[in-house]
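Engineer: Sharing a structure with you now.
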Amino acid sequence: MTSTPLTPHDHSRNSAGFQYVYPVLSRRAGGVSVGINLNPNQACNWRCIYCQVPGLVRSQAPNIPLLTLEAELVQLLAQILRGNLLNDRIADPEQRILKDISLSGDGEPTLSLHLPDVIDLIGRARQQFSLGTSVKTVLITNGSQLGRSSTRLALEKLALLGGEVWFKLDRGSTAGMRAVNDSRRPPALVQRDLARAATLCPTWLQSCFFRLDDAYPPEHEIAAWLELVQPLSPLLKGVLLYTVARPSQQPEAGRLSPARAPVAQDAGRPRTRRAGTGMPGQPVKQPALLESVSLPAGPAGVAVLAPRSPRPDEYPDDPRRF
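full-length UniProt numbering numbers the first residue of the sequence shown as 1 and each following residue consecutively.
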């Protein structure tokens, strides 16, 4: 196993010598995150312009040997919780803490049809190591595969583990989503599936804001984001804002730069979780972005938009269409 220090700026997938699991020092989690990579072939159905994955391809996720994945997860958790991995590879003692097990990796994890089984094996590992509520299981997703019964089943299983969904929403307009995520999904479908995710499992909205050609998103994009999010605020746990910290591997990389100044009017919002930009005390700047977003506590399970079975043509981000 490598002894290279873990830093927030290097999320190498082979940092512990495994094929499907890896430890990272996560600025968003505030400590160590165990990543699970269900897309070692770099398969995704989006192409976000800030994505750090080299060789990204439009494709399906591969078959994963679940016994191998489970064995790797158990070995890595043993190194973290019973071995010296944290002491050897993290300089700051305050960051030597396991914060979550995260389904993220090199592409969209919900493209994997193994996802419900992967949630099950995570549950077994959590039980084996007696992981409490302080260690979350997190699914980071673009939400495009909520039309799959396997995805919805995985979210139900995730909720039983006390897990969370981090649902990606970087822009609120059709043009904005196409420009930032190379996604063809209409905002109405994104809104519906965000509601669906939130009724199945506790859900945070995850939004990346940055400067493109040194300019922040225009006001009409902020308004579109607010219009999409506001009706769902009773269902959401909060908003996770972050900015770019590691170099993009996409052609637009040279046009991107991080947002640096504090979010206006955001200091007093306890239900809005802000991720750092890699600079101490520097949350994301997006002027007035959250001033209009209230996130009151809502009754569990209330659906603002009632889920229904989708038609095949309602999921234009299915990788089989490319």
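Note that beta-carbon positions come from the ideal geometry of N, C-alpha and C, so glycine has one too.
What number of angstroms, rounded off, separates the C-alpha of Leu169 from the C-alpha of Ala223?
Structural biologist: Approximately 13 Å between the Cα atoms of the pair.
Engineer: Grab me the residues of Arg211's own chain with a C-beta within less than 8 Å of its C-beta, minus the 5 sequence neighbours each way, in chain order.
Structural biologist: Here the set comprises Leu256, Ser257, Pro258, Ala259.
Engineer: Judging by CA-CA distance, which residue of Gln60, Asp100, Leu86, Leu76 is the nearest neighbour of Leu113?
Structural biologist: Checked all of Gln60, Asp100, Leu86, Leu76; the closest Cα to Leu113 is Gln60.
Engineer: Just the Cα atoms here: how many angstroms apart are Asn84 and Ser104?
Structural biologist: Computed Cα separation, rounded: 25 Å.
Engineer: Is it buried or exposed, Asp106, if we count other Cβ atoms within 10 angstroms and call 16 or more buried?
Structural biologist: Answer is buried; the Cβ neighbour count reaches 16.
Engineer: Quick check on the DSSP output: the beta strand (DSSP E) that includes Leu240 runs from which residue to which?
Structural biologist: Where Leu240 is concerned, the enclosing beta strand (DSSP E) stretches over 238-242.
Engineer: Output the boundary residues of the beta strand (DSSP E) element that contains residue 334.
Structural biologist: The structure shown does not extend to residue 334, since the chain is modelled only from 1 to 322, so the question has no answer here.
Engineer: Could you pull out every residue in the same chain whose Cβ sits closer than 8 Å to the Cβ of Val32, ignoring the five residues on either side in sequence?
Structural biologist: If we look at Val32 and ignore the five residues flanking it on each side, its Cβ neighbours are Leu6, Pro23, Val24, Leu25, Ser26, Ile80, Leu86, Ile90, Gln95, Arg96, Ile97, Leu98, Lys99.
Engineer: Suppose you measure from the CA of Tyr242 to the CA of Leu205; what does that come to, to the nearest Å?
Structural biologist: Each residue's Cα considered, the two are about 11 Å apart.
Engineer: For the pair the segment 154-166 and the segment 189-207, tell me if three or more CB-CB distances fall below 8 Å.
Structural biologist: Enough Cβ pairs lie closer than 8 Å, so yes.
Engineer: Go through its chain and collect everything with a Cβ distance to Arg126's Cβ below 8 Å, but skip five positions before and after it.
Structural biologist: Hits under 8 Å: Ile101, Val135, Thr137, Leu161.
Engineer: Could you tell me if Pro251 is buried or exposed, where buried requires 16 or more neighbouring beta carbons within 10 angstroms of its beta carbon?
Structural biologist: Classification of Pro251: exposed, given that the 10 Å Cβ count is below 16.
Engineer: Whole angstroms are fine: how far does the CA of Pro109 sit from the CA of Asn37?
Structural biologist: In a straight line, the C-alpha of Asn37 is about 8 Å away from that of Pro109.
Engineer: In the DSSP assignment, find the unbroken beta strand (DSSP E) run with Asp100 in it and report its ends.
Structural biologist: Taken as a continuous stretch (DSSP letters only), the beta strand (DSSP E) holding Asp100 covers 98-103.
Engineer: In whole angstroms, give me the CA-to-CA distance for Cys44 and Val244.
Structural biologist: Taking the straight line from one Cα to the other gives about 19 Å.
Engineer: Buried or exposed for residue 330, please, with buried defined as at least 16 other CB atoms from any protein chain shown within 10 angstroms of its CB.
Structural biologist: Outside the modelled stretch of the chain, which goes from 1 to 322, sits residue 330, for which no answer is possible.
Engineer: Tell me whether Gln206 sits in a helix, a strand or coil according to DSSP, three-state version.
Structural biologist: Strand at Gln206.
Engineer: Leaving out five residues on either side along the sequence, give the residues of the same chain with a beta carbon under 8 Å from the beta carbon of Phe18.
Structural biologist: Cβ neighbours of Phe18 beyond the five flanking positions: Glu72, Gln75, Leu76.
Engineer: Would you mind sorting Arg196 into buried or exposed? The rule is 16 or more other CB atoms within 10 Å of its CB.
Structural biologist: So Arg196 ends up on the buried side.
Engineer: Could you please give the first and the last residue of the uninterrupted beta strand (DSSP E) stretch that includes Glu164?
Structural biologist: First-last of the beta strand (DSSP E) with Glu164: 164-168.
Engineer: Is it buried or exposed for Asp193, if we count other Cβ within 10 angstroms and need 16 for buried?
Structural biologist: Under this definition Asp193 is a buried residue.
Engineer: If you count every other CB in all the chains shown that lies within 10 Å of the CB of Glu221, and 16 or more means buried, which is it?
Structural biologist: Classification for Glu221: buried.
Engineer: Cutting at 8 Å between CB atoms, please list the residues of its own chain near Gly301, excluding the five before and the five after it.
Structural biologist: Per-residue confidence for Gly301 stands at a pLDDT of 26, beneath the threshold of 50, marking its modelled position as unreliable; the derived number appears in the next sentence. So the list reads Thr199, once near-sequence residues are dropped.
Engineer: Jot down the residue ranges of each uninterrupted beta strand (DSSP E) in the segment 77-164, minimum 3 residues, whole runs only, in chain order.
Structural biologist: The segment 77-164 contains these whole beta strand (DSSP E) runs: 98-103, 136-141.
Engineer: Around the C-beta of Leu67, are 16 or more other C-beta atoms found within 10 angstroms, so that it is buried, or is it exposed?
Structural biologist: The residue in question, Leu67, is exposed, as its Cβ has fewer than 16 Cβ neighbours within 10 Å.
Engineer: Relative to the C-alpha of Ile119, which residue among Pro234, Gly55, Ala159, Thr133 is closest?
Structural biologist: For the residues Pro234, Gly55, Ala159, Thr133, the minimum Cα distance to Ile119 belongs to Ala159.
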